[in-house]
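Working notes, beginning with the structure itself.
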Amino acid sequence: MEGKKTAEAGESGGLKLHHLGHEVTVPPGTRIVSQGESPEFFYVVQSGRVRVFRETRDRIRTELTELGPGSYFGEVALVTGQPRTASVEAAEECSLIKVSKEEFDRLLDQNPQLARHIIQQLANWLVAGDRRLETETVHQVKLRQISWFDYALIIGLSIVFALVFNLYNDNQIPLIYGRGVKSDVPKISLNQALEYYQNKNALFVDARKSNFFDQRHIKDALDLPDVFFDLQYPMFQFMLTQMGVAKEKPLIVYGGNTSRRIDVNLARLLMEKGHDKVMVLGGNYEGWERALPVTEKKGKAAGAMPLGLGGIMEWVPVSIFLLLLIPPVRRSPYLSVGCRLLLGVIFIDFALSKIMRPAVFALNVVDYGMMPSWGVNLWSLVLPWGELIAGLFLVLGIRTRAAATMIGMMNIIFIIGLVNAIFLGLPINCGCVGEVGEPVTWWKVLKNMGMLFTAIQIFLYDRLFVLDRGGFVWRERPI
Amino acid sequence: MKQGFIKWVVVLGLVAGCLALWGCGESRAPFAGNYRSEEPFADKGHIELLLKENGEATWKLEQDVRELKFKWKVEAGRLFFYTREGAVMIAIPTEGGRKLTMDMSGNWNPSCPVNQCVTFIRVSGEG
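Sequence order for the protein chains is A and B. The first sequence begins at 356 in our numbering and counts up by one. The second sequence begins at 1424 in our numbering and counts up by one.
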């Protein structure tokens, strides 16, 4: 339907035409103007609503605005002579007045008030556009911001929570194990120990846990793990009696490692029980394996308890890794949100059991034998809180890039620990969740690799559903 | 300022909530009570094991004056015993909780190793 109209600017900013252009009716969904095409017409909306949007080459659409009755569009391209800057589509059935370029130019020449009004509208539009651009840019920049403060915040909170919680925890542990305790236990060299062994003048006592003892120990040695001393000493005494070993017979204790002098500790406990001649094997921690006859039982894997839901969830990042190979998916901020929730829940779940019983986790750290003894308890107290805080930050969308970095770093540390344990053949479980844990295998390394890549994806592409730095963003907003 | 405050209240609330949820665990009531080892231990008589509902446990050999203290909890139908040093022992209840089979190795084994297994029989409810 078409008709002649003429035009004038309405007081409300709308535009009324009289005896100018043609009236057209368009059904909903019709593309009226396409971005990039040469301008030929100017349009005024008489009834209905139209949607103005821009679209990139890879079809990413940015909604700019919606126009209703009295609004007009298409003037920018006609004034500048440039291709259309946006597309317009009918949101519902519309009645439009379609004005040709010649008519539009004549209209402006004859009507300075209308020309001024259009210039004013364009200027307002530009200013508003600049403001939106600035707001969005600032928001995006803030989201991408990362500072040392973020790391200091996570580490600081972890340390403070760890120390305060340890003060009030029933299962508290000293910050530094064995600090201030002087070693009053005599040492014996490997050569002297060999002499004792050959002459059967001493009994060797292994201070390590039974899984280590079962794997490899000095031939004819007895196992008395220092952590079970109170429970197992009666049985130890019973065995000495059965073997006809007098209490005066020298005991040579071994089995310490870099992370804990369990040999010295056991020797001290034995001395407290009245054993006078207790010595600790000196030299390298593993020196006994080469210097003395050894009994080995290879191929026995460490007992390990399944991690339940957490263990299953750990496989999801491995599958996400496959998604990361697809470039458009890899960059998706929605994938980042999923990764954040997943990693966050896994780390919160694993952190909680360790927080409640730090001594159990400390023994798991000791098993790896990589941490210096002064650092074991500090690490066992602070690391689980770091996992919890970083996990919560990821779930809630707080400082997510820093939280993802921290979790990624933890994964790297775990991977190093696991690979080291695999190469050394340590009979341990991963110690991931307090008292339970999965076997240390390459599968476990793969799971940690999956989590590491997930953390990297978050670091690079996360920008939605965040709780700080510009507010909660539900979706990618148009600029 | 207000938004920042709310954010931190949410974080602290979640931390407290998580810890509270984790701390609750499964009820200890069905397993609380007095137990006695089926066999004498290390030629020093039977072991008397008392499990209190508050999570404390005591272990005493008949011919020993000392009492050892533990913490214990129930998870996934198993009883976990914690020594002060951080060692963990796992006991599996059988016969409806009348018997406890305790793995003294300190490792998790699918079944209790014969030479490191102590079986306790329930003597009475919580003492």
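Ideal placement from N, C-alpha and C gives every residue a C-beta, glycine not left out. Keep in mind that this is a model prediction, so the values were computed, not measured.
Rounded C-alpha distance that separates residue i from residue j
| i | j | result |
| --- | --- | --- |
| B:E1471 | A:K628 | 22 Å |
| A:F705 | B:P1453 | 27 Å |
| A:P320 | A:A441 | Residue 320 of chain A cannot be examined here, being either before or after the span of chain A that is shown, 356 to 834. |
| A:H377 | A:I452 | 5 Å |
| A:L375 | A:G436 | 21 Å |
| B:G1543 | A:F583 | The amino acid occupying residue 1543 of chain B in the given sequence is Phe; Gly does not appear at that position. Their backbone Cα atoms lie some 18 Å apart in a straight line. |
| A:A622 | B:V1511 | 22 Å |
| A:L577 | A:W643 | 15 Å |
| B:Q1486 | B:G1468 | 6 Å |
| A:E418 | A:C785 | 50 Å |
| A:L518 | A:I770 | 27 Å |
| A:A364 | A:N466 | The predicted model places A:A364 with a pLDDT of 44, which falls under 50 and marks its position as unreliable; any figure quoted below should be read in that light. Cα-Cα distance, rounded: 9 Å. |
| A:V619 | A:S728 | 13 Å |
| A:C839 | A:W797 | Past the boundaries of the shown model lies residue 839 of chain A; chain A is included only from 356 to 834, so the question cannot be answered. |
| A:G637 | A:V536 | 18 Å |
| A:L690 | A:V671 | 13 Å |
| B:G1440 | B:R1451 | 21 Å |
| B:P1533 | A:D561 | 25 Å |
| B:S1474 | B:K1522 | Checking the displayed sequence, the identity of residue 1474 of chain B turns out to be Leu instead of Ser. Cα-Cα distance, rounded: 13 Å. |
| A:I501 | A:I387 | 44 Å |
| A:Y609 | A:P739 | 31 Å |
| A:F396 | A:R416 | 23 Å |
| A:F520 | B:F1504 | 22 Å |
| A:R439 | A:P683 | 28 Å |
| A:V379 | A:S450 | 6 Å |
Contact list for residue i against chain B, beta-carbon separation under 8 Å
| i | result |
| --- | --- |
| A:F593 | A1465, D1466 and K1467 |
| A:L718 | E1508, G1509 and A1510 |
Residue i and residue j closer than 8 Å at C-beta
| i | j | result |
| --- | --- | --- |
| A:L696 | A:P713 | no |
| B:G1529 | A:S565 | yes |
| A:L698 | A:L749 | yes |
| A:L477 | A:V431 | yes |
| A:G746 | A:I509 | no |
| A:F591 | A:L606 | no |
| A:L624 | A:I573 | no |
| A:V715 | A:F820 | no |
| A:Y532 | A:N766 | no |
| A:T492 | A:I675 | no |
| A:F702 | A:R756 | no |
| B:V1488 | A:L751 | no |
| A:L679 | B:V1438 | no |
| B:E1479 | B:K1494 | yes |
| A:P688 | A:D505 | no |
Residue i in three-state terms, based on DSSP
| i | result |
| --- | --- |
| A:S614 | coil |
| A:S691 | helix |
| A:G805 | helix |
| A:D631 | coil |
| B:A1465 | coil |
| B:W1531 | coil |
| A:R685 | helix |
| B:R1489 | coil |
| A:Q437 | coil |
| A:E651 | strand |
| A:R818 | coil |
| A:Q390 | coil |
| A:S538 | coil |
| A:E489 | helix |
| A:N639 | coil |
| A:K359 | Any reading at A:K359 is ruled out, since the residue's pLDDT is 41, under 50, leaving its predicted position unreliable. |
| B:A1476 | Note that residue 1476 of chain B is Glu in the sequence shown, not Ala. Correct three-state label for B:E1476: coil. |
| B:A1439 | helix |
| B:S1547 | strand |
| A:P727 | coil |
| A:R832 | Interpretation of A:R832 is limited by its pLDDT of 46, a score under 50 that renders its predicted location unreliable; no figure is taken from the coordinates. |
| A:P467 | helix |
| B:G1456 | strand |
Closer than 9 Å at the beta carbon, the chain B residues around residue i
| i | result |
| --- | --- |
| A:R712 | K1494, Y1505, G1509 and V1511 |
Chain-ordered neighbours of residue i on chain A, where CB pairs are closer than 7 Å
| i | result |
| --- | --- |
| B:L1484 | P589 |
| B:L1437 | L747 |
| B:V1433 | L751 |
Under 9 Å from the C-beta of residue i: neighbouring residues of chain C
| i | result |
| --- | --- |
| B:L1491 | No chain C is present in this structure, whose protein chains are A and B. |
Proximal residues of chain B, C-beta to C-beta of residue i below 7 Å
| i | result |
| --- | --- |
| A:A622 | Neighbours of A:A622 on chain B: none; closest Cβ ~16 Å, over 7 Å. |
| A:P648 | Correct list: empty, because the minimum Cβ distance to chain B is about 23 Å. |
- Interfacial residues, the segment 556-567 of chain A to chain B, with Cβ spacing under 9 Å: Those would be K564, S565 and N566, in chain order.
- Task: Output, in sequence order along the chain, the residues in the segment 1521-1532 of chain B whose CB is closer than 8 Å to any CB in chain A.
- Result: Answer set for the segment 1521-1532 of chain B: M1527, S1528, G1529, N1530, W1531 and N1532.
- Message: Closer than 9 Å between beta carbons: that is the criterion. Which residues of the segment 538-553 of chain A meet it against chain B?
- Response: Only those residues of the segment 538-553 of chain A whose C-beta falls short of 9 Å from the nearest C-beta of chain B would be listed, and there are none.
- Contacting positions in the segment 513-528 of chain A - beta carbon closer than 9 Å to chain B: For the segment 513-528 of chain A, which is checked against every Cβ of chain B, the residues closer than 9 Å are F516, F520, D525, N526 and I528.
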